[in-house]
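Trainee: Have a look at this one.
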Amino acid sequence: MATDVGTRGAKDSDKLNLLSFAKGLLKPGLNVAVEEEKKTANNVDGLKLCLADFRKDLPWVERLDLTNPPAVDVVAKAEGKQAVAAGEEVNAEDDFQREMFFYRQAQATVLDALPKLQKLNIRTKRPEDYFAEMAKTDQHMQKVRQKLIQKQQIMEKSEKAKKLREQRKYGKKVQVEVLQNRQKQKKALMSAVKKYQKGMTDKLDFLDGDQEKPKNSTAAPKTRMSKKGPNAKRKFKDQKFGFGGKKSGSKWNTKESHNDVSGFRARIAHGKGKNATGKGKRGNKRPGKDARRKMKGRK
Numbered sequence: 001m002a003t004d005v006g007t008r009g010a011k012d013s014d015k016l017n018l019l020s021f022a023k024g025l026l027k028p029g030l031n032v033a034v035e036e037e038k039k040t041a042n043n044v045d046g047l048k049l050c051l052a053d054f055r056k057d058l059p060w061v062e063r064l065d066l067t068n069p070p071a072v073d074v075v076a077k078a079e080g081k082q083a084v085a086a087g088e089e090v091n092a093e094d095d096f097q098r099e100m101f102f103y104r105q106a107q108a109t110v111l112d113a114l115p116k117l118q119k120l121n122i123r124t125k126r127p128e129d130y131f132a133e134m135a136k137t138d139q140h141m142q143k144v145r146q147k148l149i150q151k152q153q154i155m156e157k158s159e160k161a162k163k164l165r166e167q168r169k170y171g172k173k174v175q176v177e178v179l180q181n182r183q184k185q186k187k188a189l190m191s192a193v194k195k196y197q198k199g200m201t202d203k204l205d206f207l208d209g210d211q212e213k214p215k216n217s218t219a220a221p222k223t224r225m226s227k228k229g230p231n232a233k234r235k236f237k238d239q240k241f242g243f244g245g246k247k248s249g250s251k252w253n254t255k256e257s258h259n260d261v262s263g264f265r266a267r268i269a270h271g272k273g274k275n276a277t278g279k280g281k282r283g284n285k286r287p288g289k290d291a292r293r294k295m296k297g298r299k
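By UniProt numbering, the letter at position 173 of the sequence shown is numbered 173, and the numbering carries on one by one without gaps.
Right, here's the structure in full:
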């Protein structure tokens, strides 16, 4: 059935082409449809009339037009969240943020319009016997608000989960790199030990692998520690017991001490002093061992 309709449509179009060719509307060769230029109308008088209609100086009661920035978001302040300011752009994709912006703008308009209407003696409250059913109840709007809040919370949770996944991937990558470096170091150490055991080398530098300087560091760890100075415990011991120092060979002469003769005394050196014990002078001689025993026996 569909093929019959298609063939009929093709035959009809062929007939129309033949008729238009017979009338001289078509010429032999490639025929391209040429669109006519769109005519634009510049109705200056009509535009001026519309402009005069817009500029009608009617009282505000007849127009009731107000343009207000959004009011302060009391709900966001109470919940400890940061609300969108008046000058900031609203994310059109965020349903909750967009609806709250409209709601706050309507609040600001109402707060601005009520005093004006009261000055003009226009009633703003419904009479007591007036009854009008709202299109949407307060319970329904509360449900809508709860749904929007739940949607926002789900989006925040998904973002947090995404960040956690990225952090885990990065941590796993770092862990794999650390394990690979450890395996490389272990392999290098084992190969160095085997070379030493076979007698291929007599160096034991591989045992000091942990104490090697890092390639990118300019100063060694010892120099860094020396810059910091001794700790409080070391200072206290130095103050109490002294600073230690070199013991063996501390009394050896040096070139400076050999040339220094400031402490030389000729009288003492040649036995002319008070306590001199030089040549020809005998000091107090200590008694011998037997004499000292006899002295003890006398006592």
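Just so it is clear, CB atoms sit at the ideal spot from N, CA and C, and this is done for glycine as well.
1. May I ask which residues mark the beginning and end of the alpha helix (DSSP H) holding Trp60?
2. How far does the alpha helix (DSSP H) with Pro230 in it extend, from its first residue to its last?
3. For Ala220, name the three-state secondary structure that DSSP assigns.
4. Quick one: which unbroken beta strand (DSSP E) runs of 3-plus residues sit fully inside the region 167–209? Chain order, please.
5. Give me the Cβ distance between Ala41 and Asn68, rounded to the nearest whole Å; I'm assuming they're in contact under 8 Å.
6. Taking the alpha-carbon positions, what's the Pro59 to Gln118 distance?
7. So what's Leu16 in DSSP terms, helix, strand or just coil?
8. According to DSSP, simplified to helix, strand and coil, what is Glu37?
9. Terminal residues of the continuous alpha helix (DSSP H) containing Phe96?
10. Quick check on DSSP: helix, strand or coil for Asn253?
11. Given a cut-off of 9 Å on the beta-carbon distance, is the pair Tyr196 and Lys186 in contact?
12. Can you tell me which of the three DSSP states Asp138 falls into?
13. Does Gly297 come out as helix, strand or coil in the three-state DSSP assignment?
14. The alpha helix (DSSP H) that contains Lys77, what's its start and end?
15. Starting from Asp45, follow the alpha helix (DSSP H) in both directions and report where the run begins and ends.
16. Would the beta-carbon of Phe102 fall within 9 Å of that of Ile149?
Mentor: Answer, in terms of the structure:
1. 60–63
2. Per DSSP, Pro230 belongs to no alpha helix (DSSP H) and is neither H nor E.
3. Reliability of the predicted coordinates at Ala220 is poor, the pLDDT of 49 falling under 50, and no value is obtained from them.
4. none
5. Contact flag wrong, Cβ pair sits at about 38 Å.
6. 15 Å
7. helix
8. coil
9. 95–119
10. coil
11. no
12. helix
13. helix
14. 74–79
15. 44–54
16. no
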